[in-house]
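Residue numbering for the sequence shown follows our numbering, beginning at 48 and increasing consecutively.
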Amino acid sequence: MPEAIAGRALVTRRAVIDIVRRVTLGSYGVVGFAGSWLDRLFGGLERRPGGMRISLRDGKLGISLRLRVAHGVPIAEVARQVDASIRYAIRSALGKEVDRLSIRVARVETHPASAPPRREHHPTPGPSDLADSGTDVA
48 MPEAIAGRAL VTRRAVIDIV RRVTLGSYGV VGFAGSWLDR LFGGLERRPG
98 GMRISLRDGK LGISLRLRVA HGVPIAEVAR QVDASIRYAI RSALGKEVDR
148 LSIRVARVET HPASAPPRRE HHPTPGPSDL ADSGTDVA
């Protein structure tokens, strides 16, 4: 069997951000990320969504998320699904394990249902309307 080729692969913070964003927003029940205005500002400078923090220190990968979740979905199940999906995606794409993953649900979003269509008002026909129509009514 041939020996393994020595080498090193570097993973950028941007690659991790792209993977985490794609997996998180693709998870059932997740509406988006929830960050403060300051977090969104700094996130824009770092090209990451507000509500997501990634740390790559000493070879350890830490991820912290603040999410907005849709109303009516089981929140604990959504968090478990996001956790499992992120760990799997990082492991399969980068060959690296996530050392710390923190998921906080900051908001539950409710979207009011659209108003039902208006019913057109049709006045009920009176006896004179039937007589004026020329139709035989028994």
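Every residue gets a Cβ at the ideal spot worked out from N, C-alpha and C, and that includes glycine.
In the structure shown, E144 falls within a coil segment according to DSSP collapsed to helix, strand and coil. Between M99 and I137, the C-beta gap is not smaller than 8 Å, which leaves the two residues out of contact. Shown here for T157: same chain residues with a beta carbon closer than 7 Å to its own, the five before and five after excluded, namely H118 in chain order. Counted as a single uninterrupted DSSP element, the alpha helix (DSSP H) harbouring A62 occupies residues R60 to L72. By the beta-carbon neighbour count (other beta carbons within 10 angstroms, threshold 16), G76 is buried. Residue pairing by DSSP places I137 opposite no residue, since no beta bridge is assigned to it. Following the DSSP letters along the chain, one finds V77 inside the beta strand (DSSP E) bounded by residues V77 to F80.
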